[in-house]
Structures are given as structure tokens and as C-alpha cells.
Ligand SMILES: C[S@@+](CC[C@H](N)C(=O)[O-])C[C@H]1O[C@@H](n2cnc3c(N)ncnc32)[C@H](O)[C@@H]1O
């Protein structure tokens, strides 16, 4: 069989992070790898939702192990124009799947489409699955079983208005599943979105970083691992490990190097990272601590604190990063008249107590904005939210806003430059024009 030394890959990522992923992939390709002088790599186009690239197995495996932003790494098998399901079946049936896996492996097929004229995408998915199974039965006498939950092998089909692309997934579980998160907490940020935000924010190790609503600790864990050179995928397995063709010895060397790097991290180093987190919820902090320990960062100190009373954790200014509660998913607590923490609740007439959605949010975000203005002079704050009115609530004007998708939820990453004397007040027509200058 013809065995190429270079392949076409596509790495999907959260929408809005394509440029960040392209830059990250170029850095991953430029690293030295044991046994390989440099990974064969040519960058491809960044398209909405992902980045194309070409390279050998080394870069395919390295992207899985080291990319913090990709959701998966897909290996392109074939691409051709189609008009109907039969064309798709024919394309899938022609491919030498037997070169990659056998009928002993379980299979899952997924299909996504943009502007496809086909009436049933479910039927198209079945045709791809049938084609792969029929092909394997033809060449080996046996069909693979389908397993939608924990398949050994995943095939992805992507349809546009007239082209069908077939991919073999090299990742398995999506790459944002790093293996360190056991307890999710209420609304965790996906790890790859958090890592992408750190890059978009321009954070680099050594700059103080503070997440005052750290929840399960996603920003803190990603930043800590970045600072210490701990590979995001060091604790997990990948889909390519089930394939017949991959560079086993290069992979073992790469993995051993990553494991050694994680083991070499000392608690004392972790402590000196200048990475800080706090949250109002003690339960969330317990989860975050357990997550950080599994991520190899046991000594990062986390404090239980209301974000409204936060103070800078270092005298050197740095970056505040936050993904505040949104909508009614999480209760925003208020401080009572005597300083005690009390839940703000209302009753919906059904006997269930609920977090009050509006007033406490406005009060909280105004107080959060005030804390930034008054105490974080010289810092830059980045806030991810689906609420476009958040700068108004915080009584701050953003200097940039970057559209990003948190799953299907369209969000903005607002940047606020809290430079002394230059915090921009909102215009008179906007809320909160009374006093927006830093003190
Ligand atoms: C959307 S979650 C953040 C999730 C986090 N980025 C993660 O990945 O797990 C919002 C967090 O804000 C916290 N929170 C709510 N009110 C707060 C307050 N007044 N001060 C500090 N944290 C607060 C919640 O406990 C929750 O952990």
C-alpha cells in the first residue's frame, strides 16, 4: 500500500479562536521532538471553526498532545463532489479503511453539514457507516460493531453544498477533556476555550494572572500548565493509539518526555507562578483544588472571597480574567447590611426559591466594575460573557470586544484597560456616567 509521509489534517476549535490555534500549531511544529529533527509541517487555511494543516505523524501526534486550543485533530481521508447519498456511499466505500483499523474495532460515524441539499443528514450518516462496514466485510469478511458511547474509531463526514470530506479522528475524546477534571462544578468553561482566551488576552507566563470567579479553576489550571510546560494531553489517551498506522516509537518518546516534564514540576515552582484564583463558593474551591492537584499544580493558593471585595494579589499589575455567572445558572450572592453573606432569592409562586435574576446582577456587576476601577489601576481585565450589556452594568467602557463561542452560546471577550487616569467613562447616554474614573 502507498504510505504517505505527510497527511492533511483539520483541527476544529471553538469559533473565534482560529487565528490563535493557527499560531499555536506553528509553535508546536517548531518544537524539537525526540528522534525527529523538526516536525514536517505546512500551515493551511484557518476557516470558521478550525485550521487546516499538513504534516507527518509527528505533528499529528504532537498537536493532540500539546494543543490547548484544538477540539480535535482530524486526518483527511478523502474529498469529492457529491449530489446525493449514493455519491457519499461510493466515496466512503472506496477508501482503504482496512489500512487504518480492522472489524475488531468499534466504530462511530458523525456528520456535520453546511448548506447541504440532502433531506436527511441522519440517512447520510447511516450511508457512510454502511459504506465503511461493507468495505471492511468485503476485504476481511467481518463488519465492525457500532458503539456510539466509547468507540475505538470515529469517522467524521463533513458536507458543504457540493463537497463531501471524510476524516478519521485521531483524538478520540475531544481534546478539551484533559483528564484532570473529575468534578465539573456548575458551569465550567471548556479547557480549550479558557486556554484560547489566555492567548487572545496576550497573557504570557510571568505576568500576574488573577481569576476572581475561578469556579472549578479552568483558567488557573490552563495558565499554570502553560507556565510549567505541562502538556495538556499528558494524562489522557488518544484515538490514534487504536489505529494500525502511527509512529509508535516516536509517540512513546514524545509521551515519556511529557510525563517527565510533569513529574519534574516542584510544588515550590508552582507557588511562584503568580497565578491566583478566588471564588465566593467554598464548594467550587474544593473542586478547583482537586482539579489543580490532578493537573500537576497542587500549590496554587485559592481564596474564598466575594469578587466585589477583591484586591490585587500582587503589587505588580497583571491580568484579571473572569467568566462571571450568566443568566440564572448561578446564584449571585449579596452581602447583607451587617456584612453577612446572604442569598438573594425570590419565589416564583411554585414554592421553589430562585436566584433573583436582574437586580442583584446589576448590583454585583457595578460593584465588580468599581473594584476594578478603584483597586486594579494598571491592570488589564478580560471578561467573557454572553451579556453584551455587561460593560454598561460594570460602568466601564471596553477597549476591545472579541466574539467567541462557548459551545453554541455566542459570547464576547471584553477587554478593559484599567490604566490610571485613562479608564474610559461611558458616554452620557450610557448608564453609569456619574463617576467612572479610577480613584
Ligand atoms: C461561570 S462560573 C465560572 C466558571 C469557571 N470559569 C470554571 O471554569 O469553572 C462563575 C463563578 O462565579 C462564582 N461567583 C458567583 N458570585 C460570586 C461573587 N460574588 N464573588 C466571587 N465569585 C462569585 C460562582 O461560584 C462560580 O464559580
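In the working numbering, the protein residues as written are 215 to 653.
Here a beta-carbon is modelled for each residue, glycine too, at the ideal position from N, C-alpha and C.
Comparing alpha-carbon positions, the option among 576, 513 and 301 lying closest to residue 540 turns out to be 576. Scanning its chain for C-beta atoms nearer than 6 angstroms, with the 5 sequence neighbours on each side dropped, one finds around residue 516 the residues 491, 499 and 502, in chain order.
Residues 278, 286, 287, 452 and 453 of the same chain have their beta carbon placed closer than 7 angstroms to that of residue 385, with the five preceding and five following residues left out of the count.
Between residue 409 and residue 489 the beta-carbon gap is near 13 angstroms, outside 8 angstroms, which marks them as no contact.
In the three-state scheme derived from DSSP, where H, G and I count as helix and E and B as strand, residue 605 is classed as helix. Counting C-beta atoms within 10 angstroms of its own C-beta, residue 507 has fewer than 16 neighbours from the protein chains shown and is therefore classed as exposed. Taking 7 angstroms as the cut-off, the C-beta of residue 575 does not count as close to any heavy atom of ligand 1.
Collapsing the DSSP output to three states places residue 354 in a helix.
The residue from 596, 381 and 474 with its alpha-carbon nearest to that of residue 324 is 381.
Secondary structure note for residue 458: it is in no alpha helix (DSSP H), with a DSSP letter that is neither H nor E.
For residue 299, the CB contacts under 7 angstroms within the same chain, skipping 5 residues up- and downstream, are 332, 337, 338 and 341 in chain order. Residue 429 has its CB nearer than 7 angstroms to a heavy atom of ligand 1.
Taking residue 370 as reference, the option from 270, 605, 292 and 413 with the minimal CA-CA separation is 292. At a threshold of 7 angstroms, residue 619 does not count as near ligand 1, since its beta carbon sits no closer than that to any of the ligand's heavy atoms. Looking from the CA of residue 431, the closest CA among 315, 538 and 267 belongs to 538. Counting the other Cβ atoms within 10 Å of the Cβ of residue 533 gives 16 or more, which makes it buried. Taken in chain order, the complete alpha helix (DSSP H) segments of 4 residues or longer contained in the region 459-509 are 462-477, 481-485 and 496-508.
Among the bridge pairs identified by DSSP, residue 615 is matched with 628. Shown here, residue 379 sits in a strand according to DSSP, grouped into three states.
Judged by the Cβ position, residue 522 qualifies as a neighbour of ligand 1 at the 7 angstroms threshold, a heavy atom of the ligand being closer than this. Using a Cβ-Cβ distance cut-off of 8 angstroms, the region 307-314 and the region 255-271 are not in contact, since fewer than three pairs of beta carbons, one from each stretch, lie closer than that value. Its chain contains 260 as the residues whose beta carbon lies nearer than 8 angstroms to that of residue 233, once the 5 sequence neighbours on both sides are disregarded; these appear in chain order.
In this structure, residue 579 has its CB at a distance of at least 7 angstroms from all heavy atoms of ligand 1. DSSP places residue 599 in no alpha helix (DSSP H) but in the uninterrupted beta strand (DSSP E) bounded by 593-599.
Taking a contact as a CB-CB distance under 8 angstroms, the pair residue 531 and residue 592 counts as one, their CB atoms being some 3 angstroms apart.
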